[in-house]
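Trainee: Have a look at the structure that comes next, please.
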Amino acid sequence: MGMLPGSWIDRIDLFFYDMRMRIAKVETDPRIVIVDIDEKSIAELGRWPWSRDIVADLVSKMADHYQAQTIAFDVLFAEPDNSSGYATLEQLAKDELKGVPQFSQQLQALKPKLDFDARLAAAMNGQPVVLGYNLSNETDAIAKGALPKPVFTTADLGGRRLDVTHWKAYGANLPQLQQAAPAAGFFNPSLDSDGLVRSVPLIAQVGDNFYESLALASARMALGAKRMKPIFLQQDAVMSAQQLRDYGALESIALDTKPRPMFIPVERHLTTLVTYRGSGGIHGGAFRYVSAVDIIKQRLPVDDLAGRVLLVGTTVPGLYDLRATPVSPNYPGVEIHANIIASILDGDFKQRPEFSLGFNLVQIVIIGLLLGLLLPLLGPLWAIVLSSALGAGVVALNYWLYDSAGMVLPMALALLLILALFMCNLGWGYLFEYRNRRAIVNLFGEYVAPELVAEMAANPANYSMEGDSRELTVMFSDVRGFTTISEGLQPNALREYINAYLTAMSEDIRSNRGTLDKYIGDAVMAFWGAPISLPDHAARAVATALKMQQTVIALNQDFVKRNWPPLKIGIGLNTGNMRVGDMGSKIRKAYTVMGDAVNLSSRLESITKVYGVGVLVGQATRAAAPQFAYRELDSVRVKGKNEPVPIFEPLALEQDLTEAQRSQIDQWHAALALVRSQQWDQAEQIIAALQRQQVHGLYDLYLQRIAHFRTAPPPSDWDGVTTFDSK
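In this text, residue positions in the sequence shown follow our numbering: the first is 7, and each later residue adds one.
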């Protein structure tokens, strides 16, 4: 914005300013058309820069055929055009062919055709053409070309100082072109500290002279204004005449339009805020783009361009004048001028009024008093409603003033004050309610896993320690051969060993929202789905069991380095209806689960070692977590249950299986079906082949069973179920 405050609050205000333009409705302005030196034009007319005879043809077509109101060039003609060879012929006439009068005569006759710069000057003569040029403050910059007549000079200011950007050099157009064009303007933008173009100078100073921008010159010509003058702030009771002269600020720039003058408000350094319309470019929607070649070849209807302001620019990659703006990081520079011209033609300017600071102070005082008095009297819900409504009101008022009156007013500090007061009130309420919430946390913390206490405390009314019957998934995990392990370790080492193991397993369970029920020596009991309801409790339990097996591998790497024995664990999972709640005696209670489904999970864990697998799940768990791939191991009748239960080994997510793994599973299921149909030879052949691919305790078990059944065949009513008599 030319004057970009450095504080983070001001940067938030800039963000809101930018957002206003991003969300604004985009409508195409029919008065301004961008003549595009695009790929199509270059393909038909040759690479850029074109020879000046082509540009002259373009000017003639725009002015004479299409009757353009104003023609503005966002292009610089700083170097002579020698592409016709006229300069070489002219040098020959002065040197080698000086004595040949016929050559000089013929050259003079050809000059109107071969002097392309003169042709362009002739095309612009008497036409509403505005040329563009560049100003510079580079240390090695030099003045080149010819500047237009200044709009006013330091002598016209009557000794007043003017707050304006100063430039020491320029790159302007050829003198003969500038003399032919009735106006010219600089096309330098003003960059904010974040690199964005939010404002553009309308007047700049070079030496003792002041010059207008390309957009201002183009709009002035379109409005038929001949002159402009600066309008200074009027003296008031506070500011003396000397102070006013030294202040250097303008109130506006006046154009001598008819029937009444037009006043263009300006800000510091005589800049104006750019009101961006659309995201810019051919598809931005704010302005129409036409190919330059279509104008030269008269392919467009005259009514499409007659009476319009035509801005000539380019969209060719490498030639494209792109600028970073609030609405797009790659915004066409020529369209920035178009937006300013549109604002001048409409008399619709956005500006920060002089009373911005006072307005901000007033709204802050009102907000502070209102919230300071009402928030302590309201409950949380109404405090949120009041704060939200007040914030929405600040935003709505700010946007209304921006849209209807063109005022760019601050609101970041007001919104931050609302947020700060609300948070302070919320903090005070939190301290006031702390004891009650702490009591709830302590109550639940006696029974529920600590990782779920915070979530339960946030909504204590939703949870109860009363017994409840619901579908859950329960896990039992145990270390195999722990007695042998404990005998081989010193007491301190054993303590570290078991602590490391239990910590790692508990973290895996907690990370997947499982509830740690209890530790039973080296065993871990956990369940999913209570007290926090989890629709995918079975899938979380299976994923946790597989993760625990991977964690054991990582633990063993550390254990081996410490000369500790590696460990293996067996995990049993089962899903079903079970009783969950506060259970125990008057002396001690625990939040736990009970039921037949719980007992089956324990039985499954105990038989994992029989099948040489790390995880066993029941049929209900498999059905509730279908996204995993399973290998059916057997149908068993465990102690305490009369009905046989299919058991499965989860392997991985279905989508993660390789083709080789799928093939092995299919072969195993085929072999299992053959075993159940007592086709021992075919089953043995498949299992032996699988054993050669991968040594597995499961294959050994079934090969032993087949050998046993050959010598002691099962009874005729054998159902393929394996019965376990022990726990």
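Ideal Cβ placement from N, Cα and C applies to all residues, glycine included.
What is the residue span of the alpha helix (DSSP H) that residue 269 lies within?
Mentor: Looking at the DSSP string, residue 269 is not in any alpha helix (DSSP H); the run it does join, the beta strand (DSSP E), is 268–271.
Trainee: Under DSSP, the beta strand (DSSP E) around residue 505 begins and ends at which residues?
Mentor: No beta strand (DSSP E) holds residue 505; the alpha helix (DSSP H) holding it covers 497–517.
Trainee: Should the segment 682–697 be regarded as contacting the segment 657–665, the criterion being three or more beta carbon pairs within less than 8 angstroms?
Mentor: no
Trainee: What residue range is occupied by the uninterrupted alpha helix (DSSP H) comprising residue 561?
Mentor: 543–567
Trainee: For the segment 29–39 and the segment 299–314, state whether three or more C-beta atom pairs, one from each stretch, are separated by less than 8 angstroms.
Mentor: yes
Trainee: Measure the C-alpha to C-alpha separation of residue 287 and residue 324 and round it to an integer number of angstroms.
Mentor: Near 15 angstroms, if we compare the C-alpha coordinates of residue 324 and residue 287.
Trainee: Check each candidate in 180, 261, 600 and name the one with the smallest Cα separation from residue 124.
Mentor: 180
Trainee: Could you spell out where the alpha helix (DSSP H) holding residue 393 opens and where it closes?
Mentor: 386–411
Trainee: Buried or exposed for residue 13, please, with buried defined as at least 16 other CB atoms from any protein chain shown within 10 angstroms of its CB.
Mentor: exposed
Trainee: Quick check: the segment 652–660 against the segment 557–572, are there 3 or more CB pairs under 8 angstroms?
Mentor: no
Trainee: Measuring only the C-alpha atoms, how far is residue 575 from residue 428?
Mentor: 52 angstroms
Trainee: Measuring CB to CB, does residue 301 end up less than 8 angstroms from residue 68?
Mentor: yes
Trainee: Let me know the secondary structure DSSP gives residue 259 once reduced to three states.
Mentor: strand
Trainee: Using only CA atoms, which one of 514, 194, 357 lies nearest to residue 203?
Mentor: 194
Trainee: Would you mind reading off the limits of the alpha helix (DSSP H) that contains residue 370?
Mentor: Per DSSP, residue 370 belongs to the alpha helix (DSSP H) from 362–380.
Trainee: Work out the CA separation of residue 402 and residue 168 for me, nearest whole Å.
Mentor: 36 angstroms
Trainee: DSSP state of residue 617, grouped into three classes?
Mentor: helix
Trainee: When the Cα of residue 557 is compared with those of 525, 510, 598, 382, which residue comes out closest?
Mentor: 510
Trainee: Please report how far the alpha carbon of residue 260 lies from the alpha carbon of residue 268, in whole angstroms.
Mentor: 6 angstroms
Trainee: Could you tell me which uninterrupted alpha helix (DSSP H) segments, each at least 4 residues in length, are contained entirely in the segment 585–638, listed from first to last along the chain?
Mentor: Those alpha helix (DSSP H) runs which fall completely within the segment 585–638 and span 4+ residues are 602–612, 614–617, 625–630.
Trainee: Inspect the beta-carbon positions of residue 636 and residue 707 and report whether they are closer than 8 angstroms.
Mentor: no
Trainee: Expressed to the nearest angstrom, what Euclidean distance is found between the alpha-carbon atoms of residue 257 and residue 120?
Mentor: 50 angstroms
Trainee: Go ahead and label residue 668 buried or exposed: buried means 16 or more other beta carbons lie within 10 angstroms of its beta carbon, across all protein chains shown.
Mentor: Exposed.
Trainee: For residue 352, which of 54, 158, 279, 225 has the nearest alpha-carbon?
Mentor: 225
Trainee: Looking at the structure shown, is residue 718 part of a helix, part of a strand, or coil, going by DSSP?
Mentor: coil
Trainee: Should residue 630 be labelled buried (16 or more other beta-carbon atoms within 10 Å of its own) or exposed?
Mentor: Classification for residue 630: buried.
Trainee: Output the distance between the C-alpha atoms of residue 414 and residue 154, rounded to the nearest integer angstrom.
Mentor: 34 angstroms
Trainee: Of the residues 55, 80, 77, which one's Cα is nearest the Cα of residue 88?
Mentor: 55
Trainee: Using the C-alpha atoms, what's the distance from residue 59 back to residue 50?
Mentor: 15 angstroms
Trainee: Name the DSSP beta bridge partners of residue 296, please?
Mentor: Beta bridge pairing from DSSP links residue 296 with 41.
Trainee: Can a CB atom of chain D be found closer than 8 angstroms to the CB of residue 304?
Mentor: Any reference to chain D falls outside this structure, which holds one protein chain only.
Trainee: DSSP beta-bridge partners for residue 207?
Mentor: 277
Trainee: What is the rounded straight-line gap between the Cα of residue 156 and the Cα of residue 396?
Mentor: In a straight line, the C-alpha of residue 156 is about 51 angstroms away from that of residue 396.
Trainee: Less than 6 angstroms between C-beta atoms, sequence neighbours within five positions excluded: which residues of the same chain meet that for residue 609?
Mentor: For residue 609, where only same-chain residues beyond five positions count, the Cβ hits under 6 angstroms are 644.
Trainee: Let me check one thing: in DSSP terms, what residues is residue 179 bridge-paired to?
Mentor: 152
Trainee: Measure the CB-CB distance between residue 519 and residue 552 and report whether it falls below 8 angstroms.
Mentor: no
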